[in-house]
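Residue numbers (this note's numbering): 598 to 741. The beta carbon of each residue, even a glycine, is placed where N, CA and C say it ideally should be. Remember, it's a predicted structure, so these values are computed and weren't measured experimentally.
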Amino acid sequence: MTAGLEDADNTKEAYAGDWRRFTTWCTEYSCQSLPADVPTLVGFVTHLTELGRKTATIRRHVASIAKAHRLAGQPVPSADEKFKVFMEGVTRVKDVRQRQVPAFKLEHFKRAVQEIDTSRPACGTRPCCCWASAEPSAATSWPV
């Protein structure tokens, strides 16, 4: 399952674990895992939903299964329009939409800087704070 994955190591591990869970579930319920059909994938997603898995986790499982099918040259069951409609319903029923974390604002940054322990030197002989920007030439450092 990991051949052909150019993803990060953590993604490869997650996909491999997702695929293992899917094939185990398929074996337990006498379903074919590769190629899987839409009803099989719907059953597995329903299983994950009943276990209380979050929408993002379910979507990652679906992506893992799709990746395995693509690598094997098989039709991808999650590409079916009926499955897409089913997933919209899962998202709506679970009402577990991803929420954006509040922005890290300047006030938070100032508070974090004020909480830096300046009793120990960090850069050479004096404590300092380094501020990096997207432009390497704009990175600066100043004594605290």
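Under the three-state DSSP convention, the category residue i falls into
i    : result
K609 : helix
G670 : coil
D714 : coil
S675 : helix
C628 : coil
V659 : helix
K664 : helix
R617 : helix
I687 : The question names Ile, yet the displayed sequence has Val at residue 687. DSSP places V687 in helix when its eight states are reduced to three.
Residue environment, residue i, which counts as buried when at least 16 other CB atoms sit within 10 Å
i    : result
V682 : exposed
L638 : buried
I713 : exposed
Y577 : Any question about residue 577 goes unanswered here, given that the chain covers just 598 to 741.
T643 : exposed
T652 : buried
F701 : exposed
A633 : buried
F706 : exposed
Inter-residue CB distance, residue i and residue j (contact presumed, cutoff 8 Å)
i    : j    : result
A665 : L631 : 7 Å
R667 : V673 : 6 Å
V687 : T646 : 6 Å
W616 : S661 : 5 Å
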